[in-house]
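To start, the structure itself, in structure tokens.
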Amino acid sequence: MFLGLGLILTLLITSVFHTHLVNVEAEKDRKVLDGVVVVLDAGHGGKDDGARCENEKEQDINLSIVKKLQKQLQTKGAEVILTRDGKYDLASANASNRKREDMKKRMEIINADKVDVFLSVHLNSYPNTSVHGAQAFYQKGNAVSETFAKLIQKHFKVLTQTKMSAKPGDYYLLNNAKKIGSLVECGFLSNPEDRSNLKSPSYQEKVAQCLCDSIVEYFDFLL
Ligand SMILES: [Zn+2]
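For the sequence shown, the positions run 1 to 223 when the UniProt record's numbering is used.
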């Protein structure tokens, strides 16, 4: 009798303990960006290089940063959609206005139902070559987009020692986005120090880390 009861108790305790262990395992496997869908838009592409300085082309560096950020976000559990993953634009072969068709297709990818957040990655250029630093832009009049851009700018400030602040941006993608996002100018190709940093893979990884951390903080903020 006692032996029987002891056995039942042992079995019960074992099963409770096992269930707990399984839950702990499930919790441990849960990643901070599980279920989050992010669109990463590497600015320009194809015949449109964007900014150019010496041998550096904005379209190439944008794509390198985006691919590094894609890996970082996937490690944290996010589903990542790229608007482009090579040196091409999104317009059809015989498009009458390549730029317009390209931008329209990028906008459709960003505004797809399942998308939670987007980043359009660019580099800046300015005639005065002493101007440097990275800056995040948000959709004018959208307080959530502004919050997101300010989170990014906080990380950019630490990385680039810039005094720039997040600003509303008059860009096609920001003006027409139905999703929360930011357009980021990760530095000035026209500035020698920024250019030297931006072409280095290790610095690109740091820029990507700023953006990845900002996305994680943004979803923390929403909870
Ligand atoms: Zn650009």
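Glycine included, C-beta positions come from ideal geometry on N, C-alpha and C.
Small disclaimer: the values here were computed from a predicted structure and weren't measured.
Contact annotation, Leu123 with Ile61: C-beta distance approximately 6 Å; criterion of less than 8 Å satisfied. Boundaries for Val131: no beta strand (DSSP E) harbours it, and the DSSP string shows neither H nor E there. The continuous stretches of beta strand (DSSP E) do not include Leu159, which lies in the alpha helix (DSSP H) extending over residues Ala143 to Thr160. For Pro192, the closest C-alpha among the options Leu222, Asn175, Thr147 and Pro127 is that of Pro127. Put simply, of Phe148, Ser130, Gln161 and Asn55 the residue whose alpha carbon is nearest the alpha carbon of Asp116 is Phe148. Per DSSP, reduced to three states, the secondary structure at Ser190 is coil, with no helix or strand assignment. In this chain, the alpha helix (DSSP H) harbouring Asp220 covers Pro201 to Leu222.
Secondary structure note for Ser64: its alpha helix (DSSP H) is the uninterrupted segment Glu58 to Thr75. These are the residues, in chain order, with a beta carbon less than 5 Å from any non-hydrogen atom of ligand 1: Gly43, Gly50 and His122. When secondary structure is reduced to three states using DSSP, Glu79 falls in the strand class. Judged by DSSP in its simplified three-state form, Glu54 adopts coil rather than helix or strand. With respect to the 7 Å criterion, Ala134 and Gly181 are not classified as neighbours on the basis of their beta carbons.
Taking C-beta atoms as the reference points, Leu159 and Lys206 count as a pair closer than 7 Å. Between the beta-carbon of Ala136 and that of Val184 there is about 5 Å, and that keeps the pair under the 8 Å contact cut.
Residue pairing by DSSP puts Lys167 in a beta bridge opposite Phe137. About 13 Å separates the beta carbon of Gln70 from that of Gln209, a gap too long to meet the 8 Å contact definition.
Counting along the chain, Asn124 sits inside the beta strand (DSSP E) bounded by residues Val117 to Asn124.
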